[in-house]
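Asks:
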Amino acid sequence: MTTILEVEQLRTRFRTDNGVVSVVDGVDFSIRAGETLGVVGESGCGKSVTSLSIMRLLPPNGSSGGSIRFNGKNVLELSEKEMQTVRGNEIAMIFQEPMTSLNPLHTVGKQIEEAVILHTKVSRAQAKERAIAMLKAVGMPRAEEIYGEYPHQLSGGMRQRVMIAMAMSCDPKLIIADEPTTALDVTIQAQILDLMRNLKEKTGTSIMLITHDLGVVAEMCDRVIVMYAGQVVEETDVETLFENPKHPYTIGLMNSIPDLEEEREYLETIPGSVPLAYQMPKGCRFAPRCSKAMPICEEKAPELLQLEGHKCRCWLYAEEGGQA
Amino acid sequence: MTTPLLEVKGLQQHFPIKGGFMKKTTGYVKAVDGIDLQVFPGETLGIVGESGCGKSTTGRTILRLLEPTSGEVWFDGKDLAKLPKEEMRRMRKDLQMIFQDPYASLNPRMTIKQILMESLMVHNIGTPAERLKTIEEIIEIVGLRKEHLNRHPHDFSGGQRQRIGIARALVVKPKLIIADEPVSALDVSIQSQVLNLLKDLRKEFNLTLMFISHDLSVVKHLCDRIAVMYLGRIVEIADKRTLFENPSHPYTRALLSAVPVAKPRQKRERILLTGDLPSPANPPSGCTFHPRCPYATDICKSKVPSLSDIGAGQLVSCHLVQSGELLSK
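These protein sequence lines map, in sequence, to chains A and B.
If you're matching positions, the first sequence starts at 1 in the UniProt record's numbering and goes up one per residue.
If you're matching positions, the second sequence starts at 1 in the UniProt record's numbering and goes up one per residue.
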């Protein structure tokens, strides 16, 4: 399978009143054609900032270093004009909150059309046809009527369908979905996940799915990276991740969710909370909360070790012949 | 059978929709539309449902944070819905609430000490010295330290703030606590800390808890009995085990099957509901679930089903389950 996105040593910093803070600090990963990569982590781990860095949508006080190669080009070196042909056309994004990411003053049809007209040389009539076809493709009833409706007239689940229709309208090679179902109810979430899975099968698009919900990861993803405090701490395929998680953070995360099928009196907890971006520990960033921390963990930051079918940033596996 | 600590009968909460000339009432949003439930001493009753089903409104109406449209709320031999305001204020000592958003529910200009002291002063509990002793005890019970008392809410993380919210509810030694989505705003690793704390406190104080949440796995973890709400009504209520092993109402089944499970190899049969939640301002006729129900028949469109016992204390509001046409799994 060909690799369509390759992120190497991505560092994203923000200038703030507390000085320069590194929110993403040396992140490496790649996405292959037709694959769904899950990016898991809790708030503040840098998962959303990673996606904004790829799309070059950082606020003015942010800047990225390293390389993000998409189809061979380094996205970070493109001019703003070149970037515009990538954004929305080759890489599209679906955001968490469909109400704030749709323009309330335009009909949903016009908003889908806008993307189509911007990126492809088609007439208005063709663009309208495309917009209605996309609304039908995402399972909207009464597509012709909904074309002329405004976002406030739609429910949360319908708005998210519109976002997906918009993202898919230019046949992108990669869709970055940032918590696409977090704001939705479970029964609606099930509908949207089902839709995304079907569309992916039909079009062969790659998906980068950012979420904090391990259940969603298990259902949707082929491969997963787990992020903690701006770094990748574990990377493996989805089955290995759930059957044989290695990093103590991943293990802690999995044991802290109540299981619908298994009953436990107490949940495991990860003591303390995530370190602040401008007060990162010297050694391993997870060491202060880790039950397996050793002296070396507090001294020296571990590399992302290459193990068999697995990558893990933890000193516990340094002896397994892991190589950085 | 023990007598319930709280008994709700036919509770309704209708919000008027005003519009047009002279702001005439043009209709009602039936947020809660006839709820009956009982909460027994020492138990934790979970209320689950999706957004807009009326679960939060139910909690708030029971506590008279919203004046009920009609219905009875029996607590400790008194009907809360009809108590004069002054008497209700005194009752609040026994009925406390924990809110969802730990950022919005603590006054940012008060220290933690002032926040906790206020509850005790309002209810005239103890002398100033006793009050201080009580709050020093409670702050350690919820896992914070005495030094924290002089700080302000902004000094704390979300999980710590939720601990303060819990301390504030506990400090007056209430008989019933209604917790409205207390862990939804927290990250999973912090959520588990707060859930464990609630479990410990429940044992220590023999608390009766009404736990409102949209998260089925959290509800299953914490609650003894669970009520499932849909569009302002309870569609099913049963003890935890029965509900999860033998969900009977078609909505309960769909809801349970929709939860993503963290097991990649396991492929489950999923009941995908079509369409969205109808508007509570204009609910469907008969059983309000019928437009989305895969089994709906003619009777479902015309007649409102009652909530009745199908055995072992499992109450279901569905014509087809009650007549035996739709068998439990």
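Built from N, CA and C at the ideal position, the CB exists for glycine as well.
Figure out for me which residue from 229(B), 120(B), 28(B), 43(B) has the closest Cα to the Cα of residue 6(B).
Replies: The residue labelled residue 6(B) in the question sits at position 6 within the second sequence. Residue 6(B) has its Cα closest to that of 43(B), out of 229(B), 120(B), 28(B), 43(B).
Asks: Enumerate in chain order the residues of its own chain whose CB-to-CB distance from residue 202(B) is below 7 Å, with the five nearest sequence positions on each side excluded.
Replies: Looking up residue 202(B) in the second sequence gives position 202. Around residue 202(B): 44, 209.
Asks: Let me see if you follow: with CB-CB separation under 9 Å, is residue 256(B) close to chain A or not?
Replies: Reading the second sequence from its first residue, position 256 is the one you call residue 256(B). Yes, residue 256(B) counts as interfacial toward chain A.
Asks: Could you tell me if residue 329(B) is buried or exposed, where buried requires 16 or more neighbouring beta carbons within 10 angstroms of its beta carbon?
Replies: Position 329 of the second sequence holds residue 329(B). Because residue 329(B) sits at a pLDDT of 49, beneath the cut-off of 50, its placement in the model cannot be relied upon, and the point is left open.
Asks: Three-state secondary structure (DSSP) at residue 64(A)?
Replies: Working through the first sequence from its first residue, we reach residue 64(A) at position 64. Here residue 64(A) sits in strand by DSSP.
Asks: What's the call for residue 112(B), buried or exposed, on a 16-neighbour Cβ count within 10 Å?
Replies: On the second sequence, position 112 is the one that residue 112(B) refers to. Buried, by the Cβ-count rule.
Asks: Hey, quick one: how far does the beta strand (DSSP E) through residue 226(A) stretch, first residue to last?
Replies: Sequence index remark: in the first sequence, residue 226(A) carries index 226 (1-based). Per DSSP, residue 226(A) belongs to the beta strand (DSSP E) from 223–228.
Asks: Please confirm whether residue 59(B) and residue 230(B) have their CB atoms less than 9 Å apart.
Replies: Translated into the one-based positions of the second sequence, residue 59(B) becomes position 59. Translated into the one-based positions of the second sequence, residue 230(B) becomes position 230. No, they are not a contact pair.
Asks: Locate the alpha helix (DSSP H) running through residue 309(A), then write down its first and last residues.
Replies: Counting from one through the first sequence, the residue named residue 309(A) turns up at place 309. First-last for residue 309(A): undefined, no H or E at that position.
Asks: Mind checking if residue 220(B) is an interface residue toward chain A, Cβ cutoff 9 Å exclusive?
Replies: If you number the second sequence from 1, residue 220(B) lands on position 220. Chain A contact via Cβ: present.
Asks: Do residue 30(B) and residue 71(B) have their C-beta atoms closer together than 9 Å?
Replies: Residue mapping note: residue 30(B) aligns to position 30 of the second sequence, counting from 1. Residue mapping note: residue 71(B) aligns to position 71 of the second sequence, counting from 1. Against a cut-off of 9 Å, the Cβ pair of residue 71(B) and residue 30(B) comes out as no contact.
Asks: Tell whether a beta-carbon distance below 9 Å holds between residue 139(B) and residue 149(B).
Replies: Translated into the one-based positions of the second sequence, residue 139(B) becomes position 139. Translated into the one-based positions of the second sequence, residue 149(B) becomes position 149. Closer than 9 Å, so yes.
Asks: Whose C-alpha, out of 173(B), 243(B), 226(B), is nearest the C-alpha of residue 204(B)?
Replies: Stepping through the second sequence from its first residue, residue 204(B) is reached at position 204. Closest by alpha carbon: 173(B).
Asks: Spatial neighbours of residue 20(B) within its chain, please: CB distance less than 8 Å, with the 5 preceding and 5 following residues excluded, ordered by chain position.
Replies: Along the second sequence, read from residue 1 onward, the residue named residue 20(B) stands at position 20. Closer than 8 Å at Cβ, skipping near neighbours: 26.
Asks: To the nearest angstrom, report how far apart residue 9(A) and residue 229(A) are at their CA atoms.
Replies: Taking the first sequence and counting its residues from 1, one reaches residue 9(A) at position 9. Taking the first sequence and counting its residues from 1, one reaches residue 229(A) at position 229. Roughly 15 Å between the two C-alpha positions.
Asks: For the region 229–246 of chain B against the region 217–233 of chain A, are there 3 or more C-beta pairs whose distance is under 8 Å?
Replies: Because the criterion of three Cβ pairs below 8 Å is not met, the region 229–246 of chain B and the region 217–233 of chain A do not touch.
Asks: Could you say if the region 191–206 of chain A and the region 154–173 of chain A meet the contact criterion of at least three C-beta pairs nearer than 8 Å?
Replies: Enough Cβ pairs lie closer than 8 Å, so yes.
Asks: Grab me the residues of residue 65(B)'s own chain with a C-beta within less than 8 Å of its C-beta, minus the 5 sequence neighbours each way, in chain order.
Replies: Mapped onto the second sequence, residue 65(B) falls at position 65. Only 97 meet the Cβ criterion.
Asks: Considering Cα atoms alone, identify which of 29(A), 95(A), 302(A) is closest to residue 184(A).
Replies: Here the question's residue 184(A) lines up with position 184 in the first sequence. It is 95(A) whose Cα lies nearest to the Cα of residue 184(A).
Asks: With distances taken from CA atoms, which of 41(B), 56(B), 163(B) is nearest residue 144(B)?
Replies: Sequence index remark: in the second sequence, residue 144(B) carries index 144 (1-based). The residue with the shortest Cα to Cα distance from residue 144(B) is 163(B).
Asks: Under 7 Å Cβ-Cβ, which residues of chain A neighbour residue 190(B)?
Replies: Here residue 190(B) corresponds to residue number 190 of the second sequence, with the count starting at 1. By Cβ distance, chain A contributes 273.
Asks: In three-state DSSP terms, what is residue 237(B)?
Replies: Taking the first residue of the second sequence as 1, we reach residue 237(B) at position 237. The answer is strand: DSSP assigns residue 237(B) an E or B state.
Asks: So if DSSP puts residue 97(B) in a beta bridge, which residue, or which two residues, is it bridged to?
Replies: The residue you call residue 97(B) lines up with position 97 of the second sequence. Per DSSP, 178(B).
Asks: Against residue 142(B), what residues of chain A qualify as contacts under a CB-to-CB distance less than 8 Å, listed in chain order?
Replies: The residue labelled residue 142(B) in the question sits at position 142 within the second sequence. None at all; the shortest Cβ gap to chain A is about 14 Å.
Asks: State the DSSP-derived secondary structure class of residue 171(A), mapped to helix, strand or coil.
Replies: Mapped onto the first sequence, residue 171(A) falls at position 171. Correct three-state label for residue 171(A): coil.
Asks: Taking C-beta pairs closer than 8 Å, name the residues in chain B that residue 212(A) reaches, listed in chain order.
Replies: Sequence index remark: in the first sequence, residue 212(A) carries index 212 (1-based). Within 8 Å Cβ-Cβ: 187, 188.
Asks: Evaluate residue 189(A) with the Cβ neighbour count: other Cβ atoms within 10 Å of its Cβ, from every protein chain shown; 16 or more gives buried, anything less gives exposed.
Replies: As a first step, residue 189(A) must be located in the first sequence, where it is residue number 189. Buried: at least 16 other Cβ atoms inside 10 Å.
Asks: Going straight from the alpha carbon of residue 117(A) to that of residue 131(A), what length do you get?
Replies: For the purposes of this step, residue 117(A) is identified with residue 117 of the first sequence, where counting begins at 1. For the purposes of this step, residue 131(A) is identified with residue 131 of the first sequence, where counting begins at 1. Approximately 10 Å between the Cα atoms of the pair.
Asks: Pairing CB atoms from the region 212–227 of chain B with CB atoms from the region 178–187 of chain B, are three or more of them under 8 Å?
Replies: As far as the Cβ criterion goes, the region 212–227 of chain B touches the region 178–187 of chain B, which means the pair count is three or higher.
Asks: Between residue 39(B) and chain A, is any beta-carbon pair separated by less than 9 Å?
Replies: Here residue 39(B) refers to the residue found at position 39 when the second sequence is read from its first residue. Output row for residue 39(B): interface = no.
Asks: Just by C-beta distance, which residues in the region 198–225 of chain A are closer than 9 Å to chain B?
Replies: Taking 9 Å as the Cβ-Cβ cut-off against chain B, the residues of the region 198–225 of chain A that qualify are 212, 213, 214, 215, 216, 217, 218, 219, 220, 221.
Asks: In terms of alpha-carbon separation, which member of 267(A), 22(A), 47(A) lies closest to residue 222(B)?
Replies: Within the second sequence, numbered from 1, the residue matching residue 222(B) stands at position 222. Among 267(A), 22(A), 47(A), the Cα nearest to that of residue 222(B) is on 267(A).
Asks: Am I right that residue 200(A) and residue 36(A) are in contact with their C-beta atoms under 8 Å? What's the rounded C-beta distance?
Replies: Against the first sequence, residue 200(A) aligns to sequence position 200. Against the first sequence, residue 36(A) aligns to sequence position 36. Yes, they are in contact, since the Cβ atoms of residue 200(A) and residue 36(A) sit about 7 Å apart, within 8 Å.
Asks: Are the beta-carbon atoms belonging to residue 192(B) and residue 210(A) less than 9 Å from one another?
Replies: Locating residue 192(B) in the second sequence gives position 192, where the first residue counts as 1. Locating residue 210(A) in the first sequence gives position 210, where the first residue counts as 1. In this structure, residue 210(A) does not lie closer than 9 Å to residue 192(B) by Cβ.
Asks: Beta carbons nearer than 7 Å to chain B: which residues of the region 237–249 of chain A have them?
Replies: Under the 7 Å Cβ criterion, the region 237–249 of chain A contributes 238, 239, 242.
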